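Top line first, the protein sequences correspond to chains A and B.
Position 315 of the first sequence, counted from 1, bears residue number 315 in the UniProt record's numbering, the numbering being contiguous throughout.
Position 331 of the second sequence, counted from 1, bears residue number 331 in the UniProt record's numbering, the numbering being contiguous throughout.
Beta carbons: idealized from backbone N, C-alpha and C, even for Gly.
Quick caveat: nothing in here was measured; it's all calculated off a predicted structure.
Encoded as structure tokens, the structure appears first; notes follow it.
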Amino acid sequence: MTVLQKKSDNPVAHLSAEDVEEIGRRLDAIRQEVVDSRGADDAAYIRKVIDVQRKIELASRAVLLLSKFPPAWFIGTAGLSVAKILENMEIGHNILHGQWDWMRDPKIHSTTWEWDMASPAEQWKHSHNELHHTYTNVVGKDNDLGYGIMRVDEDQKWIPLYLAQPLWNFVNACFFEYGIAAYDLELGKNLATEERRNDPKFKAAAKQVLKKIRKQATKDYLVHPALSGPSFVPTLAANFVANLVRNLWSHSVIMCGHFPEGVETYEKTSIEGETRGEWYLRQMLGSANISGSKAMHVMTGNLSHQVEHHLFPDLPSNRYAEIAPKVKAIFDEYGLRYHTASLPKQVASAWHKVFRLSLPNGWMAATTPKNAPQQVAQLYKLTTGGPKVRRAYDRAQRAQAEQALAA
Amino acid sequence: MTSTGLGLRDRVTRLVEAATTPLLPRDYLDLFAPLRSGADLRGKVVAKRHETADAVTVVIKPGRGWREHVPGQYIRIGVDVDGVRQWRAYSVTSDRAATDGTISICVKAIPDGKVSNHVVRDLRPGTVVQLDQATGEFTLPAQRPAKALFVTAGSGITPVMGMLRNHLDELPDAVLVHSAPTAQDVVFGEELRAMAATGRLRLVERHTERDGFLKPVELAELVPDLHERTTWACGPAGLLEALEEHWAAEGIADRLLIEQFRPRVLVTGEGGAVTYNKTGTTVESDGATPILDAAEEAGLIMPSGCRMGICYGCVLPLREGAVRDIRNGELTVAAPGDGVLVQTCISAAAGACDIDH
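Here you go:
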């Protein structure tokens, strides 16, 4: 994707400033409707989800005490995986967004909640709620775009290192919770210089993360296995697999939110002096939904309604489904693309982008079975040739694009 | 318990905590036994009965952590109304001897009362509510007075009912002057009349729709020896103020004890934006609303207690700004670095405030 501002067919060019503000007003009205009607049913919903999640977790961990019997291992591991997914997605993520703060229950509150995750809630809230949700899809501002380790936009300069990004992405998916913790710590940036490494603030944050990881690991890989006695090793394996399943699942869901092909990105300067309406518009086009069953929505923490979530991050997640048709009607009326597709399609699309952009701009599109040898030779040159060669390639690409446009 | 025993117990606790992190063992136990000992204090509503058309007695089975109350004291109860937790204070009315580990409160629906109307109309037996231990000084002294007078109006009867049910036999001479709009509106009417019928209590019912509001002068006529009595009064602010004035004028202010459930707002502040530094929230607050209420309205979790300026459970440091005590208009100003402790339940913003929370 190219940042929206540089696109030849700008998808918002047909909107007047007045249109954009009207969209903002309508979205505000939808938000207010939900705020005014939050009540006992919503409170009962989140309490029920928490109750069910904790019972599934307890039951699964109990079954795993006998995990040396294969059926117990399979049932327990499946249950624990589901419990961990629910805990992270529908419960933790949404509570930490403050979606349930209105209940004034100190036990279900963004300021008191801690989750089953390597990243401490406090740090995640900063990098996610304050940075990602504010600077959504702004290249150079939103670190969620490729998590700082991947190239997910044409406007990020290609270097040979990105050839390995499909592998990175897979490794990151497997160990996603640690990836998030490292990301919340801005580990890459903070380890880069002596000065940053020794910054007391960074040191304190890193210590906090290590403490959290130690506690998490002690629970899953020591205490629970030890309580299983003769089933020590299978229980340890079960915890590992459950964490892996949870990591792969949440990574997939989160990739679907902003990475699928066709989701818009923005230039840094484009958000200066942004109005409320413009902010909404950026969220509308910068997110993608996943269609599916009710159970699927719950398991994704309703991030399947990523569009609605990004418009209204603090509305209770159980209400996104109900407002989705109203939100879509606004997209339709103003001729905007409401990006939605099934989970397999969105995951495939996001991965396609990861592969496509691991290569220089235009390389994948230009490659056919016939010209493959020449293309590979060119890629080899670009990889080994240094910045000069790559700049020349970029210039040629741009010229080609302009020619195509003129034609 | 031996020291090894303690050590073992500590080790087990630590092990269980290691198994439940990042939650605590109690987060799981609460699913199955919310009233167990060691849990946050809660209670289960076991029965509800109407006292009058708009007042109900709610019988609550408190959790194992409940400590006995002294009749006349109140409890704070947290009830979820439309999904939002609301805390209110109610007097405990039950007879300690007669009840089976349960306590009662009596709630009268007041116009626009969010909690009272919910309790009277919608609260169902089986509901678990949040509780605080009983507290309050509105009680009988260990040395029971030879002559006692109770002056109550409306739901102001509730703390006095707690005392009468438990201690009437220990009071050799007790008079109750109670005001209510009509005879049907008298909360605990039948029970009070039955007490009076046995001769243990002199009951004077004042039906204000017919007789008008009680004036202290009339009270002196109804109870000629009120100078000799220790008096407990509970009711609307207007009545209590009139009584306080009268008792002060007579020079017997020390013989009057009053109970009120809301701070009396005498002055209003100027209002202002209140910023909570730790949560990064700013709440626009008017000059008549305690900053505690305004913050809760905005969804913040605040420490709170009696909500009438007594218990200091709500105190937070004011880092900078000015607040006004809504009871007397006293201004408290904090310069940066001061961190003046203010009671949020009776302080309204008097300009922009920065609160450490």
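For residue i, which residues from the same chain have a beta carbon less than 6 angstroms from its beta carbon, with the 5 sequence-adjacent residues on both sides left out?
i: A:Leu80; result: Ser60 and Ala242
i: A:Asn361; result: Glu154 and Gln397
i: A:Pro316; result: Asp42 and Gln99
i: B:Pro159; result: Gly72, Ser91, Phe138, Cys234 and Glu259
i: B:Val70; result: Thr139
i: B:Thr275; result: Thr282 and Asp354
i: B:Lys278; result: His357
i: A:Ser8; result: Leu405
i: A:Arg276; result: Gly24
By Cβ distance, which residues of its chain are closer than 7 angstroms to residue i, with the 5 residues on each side in sequence left out?
i: B:Arg9; result: none
i: A:Ile75; result: Val63
i: B:Thr2; result: The pLDDT assigned to B:Thr2 is 46, lower than 50, so where the model puts this residue is not dependable, and the model offers no usable value.
i: B:Phe188; result: Glu51, Ile157 and Met161
i: A:Lys207; result: none
For residue i, would you say it is in contact with chain A, using Cβ-to-Cβ distances shorter than 8 angstroms as the test?
i: B:Tyr28; result: yes
i: B:Pro22; result: yes
i: B:Asp293; result: no
i: B:Thr2; result: Its pLDDT being 46, under 50, B:Thr2 is placed unreliably in this model, and the value from its coordinates should be taken loosely. No, its Cβ sits nowhere closer than 8 angstroms to a Cβ of chain A.
i: B:Glu296; result: yes
i: B:Ala56; result: The question names Ala, yet the displayed sequence has Val at residue 56 of chain B. False, the Cβ-Cβ gap to chain A never drops below 8 angstroms.
i: B:Asp169; result: no
i: B:Asp80; result: yes
i: B:Thr279; result: yes
Taking C-beta pairs closer than 8 angstroms, name the residues in chain B that residue i reaches, listed in chain order.
i: A:Lys55; result: Leu31
i: A:Asp51; result: Leu31
Since residue i meets chain B, which of its residues come closer than 9 angstroms, beta carbon to beta carbon?
i: A:Gln216; result: Thr21 and Pro22
Excluding five sequence neighbours on each side, which residues of the same chain lie with their C-beta closer than 8 angstroms to the C-beta of residue i?
i: B:Val12; result: none
i: B:Leu226; result: Leu149, Leu219 and Ala220
i: A:Ile50; result: Ile91 and Ile108
i: A:Tyr178; result: Ala118 and Ile213
i: B:Arg36; result: Leu29, Gly63 and Arg64
i: A:Asn10; result: Leu4
i: A:Lys268; result: Val138, Val139, Gly140 and Lys141
i: B:Ala183; result: Gly189, Glu205 and His207
Taking 8 angstroms as the cut-off, decide whether the C-beta atoms of residue i and residue j are in contact.
i: A:Ile56; j: A:Ala83; result: yes
i: B:Thr93; j: B:Thr139; result: no
i: A:Ile330; j: A:Arg25; result: no
i: B:Asp169; j: B:Arg193; result: no
i: B:Gly65; j: B:Ala39; result: yes
i: A:Asn137; j: A:Glu264; result: yes
i: B:Glu259; j: B:Lys147; result: no
i: B:Pro181; j: B:Glu205; result: no
i: B:Ala142; j: B:Tyr74; result: no
i: B:His118; j: B:Val79; result: yes
i: B:Val223; j: B:Val177; result: yes
i: B:Gly321; j: B:Gly351; result: yes
i: B:Glu85; j: A:Asp105; result: Note on residue identity: the sequence assigns Arg, not Glu, to residue 85 of chain B. Going by C-beta atoms, B:Arg85 is nearer than 8 angstroms to A:Asp105.
i: A:Glu261; j: A:Ser349; result: yes
i: B:Gln130; j: B:Arg42; result: yes
i: B:Val16; j: B:Thr102; result: no
Could one say the Cβ of residue i lies closer than 8 angstroms to chain E's Cβ atoms, at least one of them?
i: B:Leu15; result: Within the model displayed, chain E is absent; protein chains A and B are what it includes.
Along chain B, which residues have their Cβ under 7 angstroms away from the Cβ of residue i?
i: A:Arg38; result: Gly83
i: A:Pro106; result: Ile301
Cβ of residue i less than 8 angstroms from any chain B Cβ?
i: A:Glu114; result: yes
i: A:Met103; result: yes
i: A:Ala43; result: yes
i: A:Lys211; result: no
i: A:His109; result: yes
i: residue 431 of chain A; result: Since the displayed chain A opens at 1 and closes at 407, residue 431 of chain A lies outside it and no answer follows.
i: residue 412 of chain A; result: Outside the shown range of chain A, which is 1 to 407, sits residue 412 of chain A, and nothing can be said about it.
Could you name the residues of chain A that residue i contacts, counting a contact when the two beta carbons are closer than 7 angstroms?
i: B:Ala89; result: Under the 7 angstroms cutoff, chain A gives no residues; its nearest Cβ is about 17 angstroms from B:Ala89.
i: B:Ala18; result: Thr218, Lys219 and Val223
Inset, instruction - Only counting runs of 4 or more residues, tell me where the alpha helix (DSSP H) segments fall wholly within the region 1-75 of chain B, in order along the chain. - result: The qualifying runs are 3-20 and 25-32.
Inset, instruction - Run through the region 256-288 of chain A for me and flag every whole alpha helix (DSSP H) of 4 or more residues, listed as ranges in chain order. - result: Those alpha helix (DSSP H) runs which fall completely within the region 256-288 of chain A and span 4+ residues are 276-285.
Inset, instruction - Can you check the region 217-296 of chain B for any beta strand (DSSP E) of at least 3 residues that lies completely inside it and give the ranges in chain order? - result: Here the runs fully enclosed are 230-234, 256-259, 272-276 and 281-285.
Inset, instruction - Jot down the residue ranges of each uninterrupted alpha helix (DSSP H) in the region 321-386 of chain A, minimum 4 residues, whole runs only, in chain order. - result: The alpha helix (DSSP H) runs of length 4 or more contained entirely in the region 321-386 of chain A are, from start to end of the chain, 343-358, 363-366 and 372-384.
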